[in-house]
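Residue numbers (our numbering), protein chains in the order written: chain A, 1 to 239; chain B, 240 to 478.
For reference, the structure is listed below as structure tokens.
2 protein chains.
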Amino acid sequence: MEILITNDDGWGSKGILTLTQTMETIAHVTVVAPDGARSGMSNAITVDRPMTLRLIEHTPTRDVYITNGTPSDCVKLAVNIIYKDTRPDLLLSGINHGSNAAVNVIYSGTMGACFVGCEQSIPSIGFSLCDHHPDADFSHLQPLIIPIVNQLLQRGFPDRVCYNINAPIGELKGIRFTRHARSHWEKEIAEFIDENGEPYYQLQGVFVNHEPQAQDTDEWALAHGFVAISPTTIDMTAK
Amino acid sequence: MEILITNDDGWGSKGILTLTQTMETIAHVTVVAPDGARSGMSNAITVDRPMTLRLIEHTPTRDVYITNGTPSDCVKLAVNIIYKDTRPDLLLSGINHGSNAAVNVIYSGTMGACFVGCEQSIPSIGFSLCDHHPDADFSHLQPLIIPIVNQLLQRGFPDRVCYNINAPIGELKGIRFTRHARSHWEKEIAEFIDENGEPYYQLQGVFVNHEPQAQDTDEWALAHGFVAISPTTIDMTAK
Numbered sequence: 001m002e003i004l005i006t007n008d009d010g011w012g013s014k015g016i017l018t019l020t021q022t023m024e025t026i027a028h029v030t031v032v033a034p035d036g037a038r039s040g041m042s043n044a045i046t047v048d049r050p051m052t053l054r055l056i057e058h059t060p061t062r063d064v065y066i067t068n069g070t071p072s073d074c075v076k077l078a079v080n081i082i083y084k085d086t087r088p089d090l091l092l093s094g095i096n097h098g099s100n101a102a103v104n105v106i107y108s109g110t111m112g113a114c115f116v117g118c119e120q121s122i123p124s125i126g127f128s129l130c131d132h133h134p135d136a137d138f139s140h141l142q143p144l145i146i147p148i149v150n151q152l153l154q155r156g157f158p159d160r161v162c163y164n165i166n167a168p169i170g171e172l173k174g175i176r177f178t179r180h181a182r183s184h185w186e187k188e189i190a191e192f193i194d195e196n197g198e199p200y201y202q203l204q205g206v207f208v209n210h211e212p213q214a215q216d217t218d219e220w221a222l223a224h225g226f227v228a229i230s231p232t233t234i235d236m237t238a239k
Numbered sequence: 240m241e242i243l244i245t246n247d248d249g250w251g252s253k254g255i256l257t258l259t260q261t262m263e264t265i266a267h268v269t270v271v272a273p274d275g276a277r278s279g280m281s282n283a284i285t286v287d288r289p290m291t292l293r294l295i296e297h298t299p300t301r302d303v304y305i306t307n308g309t310p311s312d313c314v315k316l317a318v319n320i321i322y323k324d325t326r327p328d329l330l331l332s333g334i335n336h337g338s339n340a341a342v343n344v345i346y347s348g349t350m351g352a353c354f355v356g357c358e359q360s361i362p363s364i365g366f367s368l369c370d371h372h373p374d375a376d377f378s379h380l381q382p383l384i385i386p387i388v389n390q391l392l393q394r395g396f397p398d399r400v401c402y403n404i405n406a407p408i409g410e411l412k413g414i415r416f417t418r419h420a421r422s423h424w425e426k427e428i429a430e431f432i433d434e435n436g437e438p439y440y441q442l443q444g445v446f447v448n449h450e451p452q453a454q455d456t457d458e459w460a461l462a463h464g465f466v467a468i469s470p471t472t473i474d475m476t477a478k
């Protein structure tokens, strides 16, 4: 099995190393990752400057490339420059340091990479842990990754559908198939004044779940100790 | 009526000026636009540096702000810093220089701004013209903008639904409600060699429509001279 791995925290983050070390026990892994943090990049692509692509590690089980591009660029570079006329059997993105559940899916670089994989008809799965800390503990999620991947591969990937998997911190109660909770962010901008008296702004925010009682949502699952698997489509047409 | 206008080509592009001049004949317009081109930014948000916001024009019918942020940031800055406890009646994004039809919707900064408006329960509409040229001719589309906006406001905006409107160049045959055509991009990366012999890469691509015969798609409408209106949801759960 040949697996393409990417993320939005960059090669050097604990999450992508955990995912790579896990998957190279059963497959050959090609990592194409950003050369630094690209959180909140959504499906952004680089159209205003040249992109780099550099092989920095080559072992029997892994090739690791880094690029100055976005997570979506990583998948496009892999498909067009590395794989050319072949395709990986699977694209995995993450493990992200931080939740990509609910409305966060539309801002997620982790899932942006999966959407490109999905566009290219590659089975694509994003993994995220609800902990932004650079030293986040993935040890409870790690043993579940291969079983979840195998189960999803057996179920199959419907056309233009990928999977957005989020895990809570702490003891796990199980795994649930979910939908993205209706939600929004508020109080999103903090205002500061610089040394010249000019204002500047930084993103922050308070997450608001519109339906905390709905037991079929990713947010409910996460709040109750379950890993949430949300089937996610790149067909954004409102039916 | 109070209208928020943004785009991804930046203030200074012909498309946003056309949209602003059109709407300020019937409403007060607040423009919050990027200070330069942000094409392909999707729903990206700025998390790694401070953002600016500067009022550069104030007339009885328009306030124009520019920022170093993304299209999505523009909407967040407008909602949190400019409107605060009020909300605009409408968010318009565009007119984009270039198509945002079919799979392009997931990469679109124009639509990324609409998705933030949609998250904030603001009626949101993106306009795009299938012509990347900076001096693109909007004169055939311009007279339709206010009638289309009025019709969509009368129909109403379902929860978490916005509209992705694309117009062809040349004579218009009419207006159709559509869905995003199944499609993908291929041959997406061009490889070059720099003066040091190092490779670098730029995005390009060939667009492939999987269903050119399907008359309910945006691509069919555009190819046959119709303005395509695709209802678009930010609920990406695959049902």
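Ideal Cβ positions, reconstructed from N, Cα and C, are used throughout, including at glycine.
In this text the structure is predicted, and so the values were computed from the model without any measurement.
Around R418/B, the beta-carbon contacts reaching into chain A at under 7 Å are T237. Nearest C-alpha to P123/A among C162/A, G10/A and K14/A: C162/A. Fully contained in the region 170-220 of chain A are the following beta strand (DSSP E) runs of length 3 or more, in chain order: 174-177, 183-186, 189-193, 199-203 and 206-209.
Pairing N68/A with Y439/B, the inter-Cα distance amounts to about 10 Å. Ranked by Cα distance from I428/B, the first of Q142/A, K76/A and G225/A is K76/A. The straight-line gap separating the alpha-carbon atoms of D370/B and T30/A is approximately 37 Å. Closest in C-alpha terms to T471/B, from the list S281/B, H419/B and I265/B, comes H419/B. Here the C-alpha atom of P158/A lies approximately 11 Å from the C-alpha atom of I234/A.
In the three-state scheme derived from DSSP, where H, G and I count as helix and E and B as strand, F354/B is classed as helix. Where L92/A is concerned, the enclosing beta strand (DSSP E) starts and stops at L90 to H97. Take the alpha-carbon of Q454/B and the one of K84/A: they are about 33 Å apart.
Around the C-beta of T325/B, fewer than 16 other C-beta atoms lie within 10 Å, and the residue is accordingly described as exposed. Contact check for K14/A against F138/A passes: the beta carbons are separated by less than 8 Å.
Contact check for H336/B against A272/B fails: the beta carbons are separated by 8 Å or more. Between Y346/B and S281/B, the C-beta gap is smaller than 8 Å, which places the two residues in contact.
Using beta-carbon distances, V388/B does not count as an interface residue toward chain A, since no partner is under 8 Å. In this structure, V206/A sits away from A167/A, with a CB-CB distance that is not shorter than 8 Å. Closest by C-alpha distance to E219/A, out of Q202/A, L144/A and N100/A, is N100/A.
A477/B and L91/A have their C-alpha atoms some 18 Å from each other. Interface residue (Cβ-Cβ distance to chain A less than 8 Å): G254/B is not classified as such. If you check each beta-carbon in the region 268-291 of chain B against every beta-carbon of chain A, the ones closer than 7 Å belong to A276, S278, G279, M280, S281, N282, A283, I284, T285, V286, D287, P289, M290 and T291. Residue environment analysis places G109/A among the buried positions, since at least 16 neighbouring C-beta atoms fall within 10 angstroms of its C-beta. Taking a C-beta cut-off of 7 Å against chain B, the contacting residues of the region 75-89 of chain A are K76, L77, N80 and I81, listed in chain order. Annotated as distal: G351/B and A276/B, with beta-carbon spacing of 8 Å or more. Straight across, the Cα-Cα distance linking A317/B with L368/B is about 25 Å. The DSSP-derived three-state label of V388/B is helix. Taking a beta-carbon distance threshold of 8 Å, S230/A counts as an interface residue toward chain B. Within the DSSP bridge table, the entry for M290/B names Y201/A as partners. For P168/A, the nearest beta carbon of chain B is not closer than 8 Å to its own beta carbon.
Between P60/A and chain B, the shortest Cβ-Cβ separation is not below 8 Å. In this structure, the alpha-carbon of V303/B lies about 24 Å from that of P386/B.
E358, Q359 and S360: these are the residues of the region 357-387 of chain B whose beta carbon lies less than 8 Å from some beta carbon of chain A, given in chain order. Taking a beta-carbon distance threshold of 8 Å, I106/A counts as an interface residue toward chain B.
If you draw a straight line from the Cα of I125/A to the Cα of I305/B, it comes to about 37 Å. Rounded to the nearest angstrom, the Cβ distance from P299/B to L243/B is 17 Å, too far for a contact under 8 Å. C-alpha of E24/A to C-alpha of E198/A: approximately 51 Å in a straight line.
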